[in-house]
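This report refers to the structure that appears directly beneath it.
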């Protein structure tokens, strides 16, 4: 196979995963948090596809495709919630959502 | 295969269910509950008549598998001493239930259902021959008690329930851990088929629960507030019967199944017993109210009985059983009397407010005096017989223990006479008005039978002592003293 | 030679991908973040191509770059200026530290794993045939081995659609009620 | 014989139960009659038993009958056994005889008390308990009776229950006797351990000879004896016990119960003979007590307390007798003492009754003129007490004193003490007599004295006192050691005396004793009747009864009181109560901390997830 | 030429019947007039759950031997089937509880559709047998639950709960996904049993993947420290949804956790056993201690569900037949108790029109005897007192732990129970001991809307809770045969 070995893909996906995780943990804008989640999922996808290449097994790619659909659905629900927040003039800041705590 | 023991357990529970749903007024529910408790007594008498005191074996027993993979089963039955435990339970519970009916407790439906439920649970504790079943009943006792104290108790009842529950649950759960380990080691939970173990930790697990229930000295923190805040008849049940469940556990489980640990830790247990004995007596001597005296005296009695149990000879053990029965009757009667006095004077029984009640109230005076004197183990009384055997037994463990016991006898005389005089004698207390009547017929009907039981036993304590524990459960005194 | 080209492509794509991811996380305006994510997805598609995933790459561009991101942009536009936010602020002080530590730890762990495997299994990819990763192959996989996965994916999409309707539509009614 | 013994025991109990359960159904007077009748019936039964026993040969007079096993444990069995033998039958006769007289007396004395029924129930209960004590066939029943008499004494001392002083006295009596019960109980444990049984015969046969154990056994029994018989050091309850009604003092604290200690020693003499030291100790205590009591009696001003101290001192004589091994003499003195001491109390009771319950001799002074009958019987009693020929005390006391001569130097010391005691007896007895019955009546006496149907008291009080008076005059003639001694012969199979003084000693001692007694009377006459010499100021120590009460108060009562308070303040509240508070508090604190961690920030939740994952993975990598 | 794999519709029936119900409900949403939607929808969903339960029961009866279907996509075995039965039961009760919930009428049909869909997803999830179906099944019911949590959207609390649940849940599933990727990467296999047979035990990559998988699943079973979303989501969601989440999610997540760990990672048992034990202890500590200071009853119950996750994870950590048996048995009374408890809370909510706190629970026991007694029993059951299955469940869990020799787990569990006594009995205290006069509270306004369905649901829960105490033997037999399906 041409190009870098699979391990580099793994490292890259790990980097992406961490980045996304940081985004979720540090940002307060729900939209950006959703985007970060997408990055994490895509990191997983990259890993899967790399591995399916490694083992020459389509399973990983199939998995990846389903994950895309899943990600899409999560986005749908998430955006629905965010829109609802907007509708109800709730500030788009997850730190403001603290009525439930303790 | 015999149904009688099962009936003894199930009958009150069924009665409780009926009370819970029957569409009657509180009064009629109460009378039904009273009737049920009396029927329970009758059933017990039947059981005694069917019982062969000659044989040391388990009798009237019934065995049915509950779940087999861990060897747990519904196994109930009675040894010779169990009969007396059950007997004191049904009698005392009948008295307390009827008392509750007499004073007309509010929310009768709940109250009487719980009292009957409690009866069944306690009888179960004394007859269960399967360790897990025993634990189930042991815990089941707590449920009605918790509500009985919390709903019908005094002003501090919330704190009382919390304290009571914290202590009891801590103890019983340690025991649960011990039970699981012990049972799985043995491969069965059937006490009649278990063999002794040498594990000190298991022993301590059991002892923790029983010592809290009894209670013994360092672990009696729940006692003061609970006994003071509970309704009188519930205090009676607590100190008269429920506490005995702990002592029963020592007698039936902790001592027979753990000969080695018992042998190693006997001095510790005897020390605990004597400390409780003296400590309880001294505090009873200082207690400012009638209940205080009675409750600390029951702490002392528990200590004394533990001395007997760990005396490790037939004198001590038989005496312990006899004394358990005695104290059950005595302290039930005393707490009920305390309740009657408190109702008449509208006090919490403080001596500062009481006094001079003997004048013009011969029945009250006679009963308080009689029970009080029996409780301080005046010779020829059945309590004297019990204490005599216990101390004679522990004397053979070491004269020092018996000397402590003898000192405690003197202390007992001091605090009990103080209590009697504080209520009955000397100047009439500020809270005692002439309108405070003598005992009414209903109250007499409740207390007099208990007193008659005591007098009868005084005439023939051997009825219990001679038919107690020489029927040794497994592993009985398998260890060298 | 081809190998070298692949290397170049990979390095560029990888770094750009990472950069765009970081951009997504750090832009203060979600609109730019969204755009950055589109780039990120496209670059990932490139990497998929290098991994012999033609169909996946295509799906990536179409599904993500197309549908999903458009939806994002639409919502952002719809919410307008209420979406701005100062990038890093608020929260308890330990939040940032903890976040960096945790994320770093996970990253480090994976890298350690890879390091342990260096030159091992991960360096010996199986040889793949020409039709590997083609739509045909994946379609066959979807219809045979992974039939259930296929079906479930569709179900999940349906559920999500219903959810979107429930949540969104209600919001509109709420708005009407206010108006 | 056995049947008669059982009847004797059962009748008083029946009376007690009947009176208690009848309650207000019977009139007060009926209660009195029931009690009297049953006690007399018991006396009759005792006489029957005695007669039957008389008919048998000396060897077969003792018989034990068991009704049922009262208590048993493992190999140990203690039956409800009655032992009717020479000794117990004597005690039965004394108890029931004197008892019935006193109860009959109290029908009149207690007339008008609002709780007479209770009184008579208690009295019958006491008679039952005393009979149980003397008839009990094993040590357990002895202990049972021992405690029961203590109980009934408590009840009767505290009969005037609205009187704090009475209640205090009652409690004091009970607690001090509880000490005695405790030591006896310990002895019984010791016996069980070493002999495995408690019936007299078996114990006497099997108990160890000499050595610490034997001494401990005897010592424990002695502890019980001194407590019950108010000997040093457990004597302080007796004077206070005078708070009870006078018949009670007569019956319990003069005639019967307090002499139980003597009975115990006489009954268990084999055990004591195995521990000579302790037996000598008993005699020594007796001697000490008789001296001390005599001294204190000199300065008491309460008529009943004076008699009470004289009782202590007389019992001291009995202890001397029992301790020296002169068992028959001790028993003889016990009997005569029962007569004349009961007489003294009852006579004093007449005076008290007639003068509105006044007991202070300074205010009772000179009532003799108002009540001659009482005066004469009291005189007879006093003479018997001092031991002037031919009154009862003379025969019994002197024989005890004499027996001391047969016991080496120790005996000689005790002999001296006894003679000194005889002198003191004369002084305090006639101090009392002269002050109360001679001279001019005080205004108080004149004012409060009221005749009862033209008599000094109700008939029931007078005739009983009369009978007792006769007994105290002639009762002594039953035995005169140098010449005839039927009682000793009767008791011989049970209690063979250890000492055998010569007749010469008897004569001489009697002479000396009478002499010192008369001397004492003379002194009293000089001081209190003729008033030739001013009465010397009494030592405060004597008035304070040698500070015994203060001692016990400090050593026992205050100690336990303080201990109780201290334990409550230092252990119960802070440790027992505080521990649970501390634990719950700690848990609650942790809970609040956790709820702070649950801060509602979704980002923190994600962080928790990531952190947990990171840790997990690190651990896995590390330990895989 | 494509060879379509043979599909065992019978094995799929439990989830398919629910799926069908969901589909019908979607049609109801558009076709049936608004007024009739509620009864029709509820009855359809109820029928769906009942049908699913019946199918699952058949399945349990007919599949004594575990079999992998559709190219290892799913298992047909009793382990899954029994879990499906429990799930269906919880779902049915949840429907009963939901009926009177004050909810937006125009979406009531969708509500039931999503409920059924969630049920279907769980029913499939417990049968999943490869990483892909695992992930997909998880998302299937998770997404439905996100929406259900937020469905009462005009309540800010519901919205907030939904968003938190969604975000953290997405992170969790991403973690699971990445972990699956690693595992797939090292073994090249997706299906559990082949992962086990592929070797590579103790491999670094495998164990990191394992860690991530555990984290993802522990998140779903809301075990500490992955539980943080639980209290908020439970408190914010509509109470019937909370009830369903509390029982259903836990059943599915724990059953699957056990299956995945036992089937796919038997060679790394020494790792995950300790990990699960640690997580269990943490959950026990956090759940119980955290609940002590709570005042909102739903929140208390949420924390208690965390602690119960800890208890059941003890059974998982035991990793033996007894443990598997214990888990399945424990789930039965547990799901009944939590459903019942939340149902009672819902009833109180509806009569107070306000969140239920310990304070305004005062006097409830006397005003509503049946519900009060039921709540009492549920609390005792959660505390593990006799006369309820909770007691036997704890007993079995401890037994399993000891069977493995981990007595210290028993001690931890025991101590946790001691702590929990305070708040469980605290609820009883609130219901009975304080009379409303004492707190100057007016008794709840008038008589509540008569709600036979909710009462029926509570009654069923009560029957199961108490019945499982007496009928241990049959339940344990079923559980045993189910546990045999796992390679333990």
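Chains as they are written, first to last, in my numbering: chain A, 22 to 123; chain B, 20 to 500; chain C, 9 to 187; chain D, 4 to 627; chain E, 655 to 1142.
By construction, the Cβ of each residue, glycine as well, lies at the ideal position given by its N, Cα and C atoms.
Give me whichever residues DSSP pairs with residue 706 of chain E in a beta bridge. Partner(s): none; residue 706 of chain E has no beta bridge.
Look up residue 728 of chain E in the DSSP assignment and say whether it is helix, strand or coil. Secondary structure of residue 728 of chain E (DSSP, three-state): strand.
Member of B:440, B:304, B:478 whose CA lies at the smallest distance from the CA of residue 167 of chain D: When only C-alpha atoms are compared, the closest one is B:440.
So residue 137 of chain D and residue 91 of chain D are supposed to be a Cβ contact under 8 Å. How far apart are they, rounded? Between residue 137 of chain D and residue 91 of chain D the beta-carbon gap is near 5 Å, inside 8 Å, which marks them as a contact.
Quick check: is the beta carbon of residue 121 of chain C nearer than 9 Å to any beta carbon in chain D? Answer yes: the Cβ-Cβ gap between residue 121 of chain C and chain D drops below 9 Å somewhere.
Would you give the residue range spanned by the beta strand (DSSP E) that residue 81 of chain D belongs to? Residue 81 of chain D -> beta strand (DSSP E) spans 79-87.
Closest residue to residue 385 of chain D among D:399, D:414, D:430, D:362 (Cα-Cα distance): With distances taken between CA atoms, residue 385 of chain D lies nearest to D:430 out of D:399, D:414, D:430, D:362.
Contact with chain D by residue 54 of chain A, beta-carbon distance below 9 Å: So, interface residue.
Taking C-alpha atoms, which residue in E:847, E:885, E:906 lies nearest to residue 776 of chain E? Ranked by Cα distance from residue 776 of chain E, the options E:847, E:885, E:906 are led by E:906.
Output the distance between the C-alpha atoms of residue 168 of chain B and residue 461 of chain B, rounded to the nearest integer angstrom. Roughly 24 Å between the two C-alpha positions.
Limits of the unbroken beta strand (DSSP E) element including residue 114 of chain A: Run containing residue 114 of chain A: none; DSSP gives neither H nor E here.
At which residues does the alpha helix (DSSP H) containing residue 197 of chain D begin and terminate? In the DSSP annotation of this structure, the continuous segment of the alpha helix (DSSP H) that includes residue 197 of chain D starts and ends at 167-198.
Using a Cβ distance threshold of 8 Å, determine whether the segment 925-933 of chain E contacts the segment 987-999 of chain E, with at least three qualifying pairs required. No: fewer than three Cβ pairs fall under 8 Å.
In angstroms, rounded to a whole number, what distance separates the CA positions of residue 883 of chain E and residue 112 of chain A? If you take the alpha carbons of residue 883 of chain E and residue 112 of chain A, they lie about 21 Å apart.
Tell me the DSSP bridge mates of residue 82 of chain B? Its beta-bridge partners are B:94.
Whole-number beta carbon distance between residue 918 of chain E and residue 846 of chain E, since they are thought to touch under 8 Å: With 8 Å as the limit, residue 846 of chain E and residue 918 of chain E qualify as a contact, their Cβ atoms being about 4 Å apart.
When we look at the beta-carbon of residue 681 of chain E and count the other beta-carbons within 10 Å, is it buried (16 or more) or exposed? With fewer than 16 other Cβ atoms within 10 Å, it is exposed.
Secondary structure of residue 186 of chain C, DSSP reduced to three states: A caution first: residue 186 of chain C carries a pLDDT of 38, below 50, which makes its placement in the model too unreliable to give a value.
Counted within 10 angstroms of its Cβ, other Cβ atoms place residue 74 of chain B as buried (16 or more) or exposed: Burial is judged here by how many other beta carbons sit within 10 angstroms of a residue's own beta carbon; residue 74 of chain B has fewer than 16 and is exposed.
Quick check: the Cα distance between residue 953 of chain E and residue 118 of chain A, rounded to an integer number of angstroms? Straight-line Cα distance between these residues: approximately 17 Å.
When you check each C-beta in the segment 49-71 of chain C against every C-beta of chain A, which residues fall closer than 8 Å? The residues in question are 49, 52, 55, 56, 58, 59, 60, 61, 63, 64, 67, 68, 71.
Could you name the residues of chain D that residue 378 of chain B contacts, counting a contact when the two beta carbons are closer than 9 Å? Chain D residues near residue 378 of chain B: 117, 118, 164, 165.
Reduced DSSP secondary structure (H/G/I, E/B, other) of residue 82 of chain A: In the three-state reduction of the DSSP assignment, residue 82 of chain A falls in the helix class.
Simplified DSSP state of residue 723 of chain E, which is helix, strand or coil: Residue 723 of chain E falls in the strand class under three-state DSSP.
Taking the CB atoms as reference points, tell me whether residue 941 of chain E and residue 958 of chain E lie closer together than 9 Å. Cβ distance < 9 Å, so residue 941 of chain E and residue 958 of chain E count as in contact.
Just how far apart, CA to CA, sit residue 262 of chain D and residue 153 of chain D? Straight through space, the alpha carbons of residue 153 of chain D and residue 262 of chain D are spaced by roughly 13 Å.
Continuous beta strand (DSSP E) stretch holding residue 238 of chain B: start and end: First-last for residue 238 of chain B: undefined, no H or E at that position.
Where does residue 37 of chain C fall in DSSP's three states? Note: residue 37 of chain C maps to coil in three-state DSSP.
Considering only the beta carbon of each residue, do residue 255 of chain B and residue 132 of chain B sit closer than 9 Å? In this structure, residue 132 of chain B does not lie closer than 9 Å to residue 255 of chain B by Cβ.
Three CB pairs or more closer than 8 Å across the segment 75-84 of chain D and the segment 47-60 of chain D: The count of Cβ pairs closer than 8 Å, one atom from the segment 75-84 of chain D and one from the segment 47-60 of chain D, stays below three, leaving the stretches out of contact.
Length of the line joining the Cα atoms of residue 1004 of chain E and residue 47 of chain B: The straight-line gap from Cα to Cα measures roughly 35 Å.
Supposed contact pair residue 131 of chain C and residue 28 of chain A - C-beta distance, whole angstroms, cut 8 Å: Taking 8 Å as the upper bound for CB-CB distance, residue 28 of chain A and residue 131 of chain C are in contact here, some 7 Å apart.
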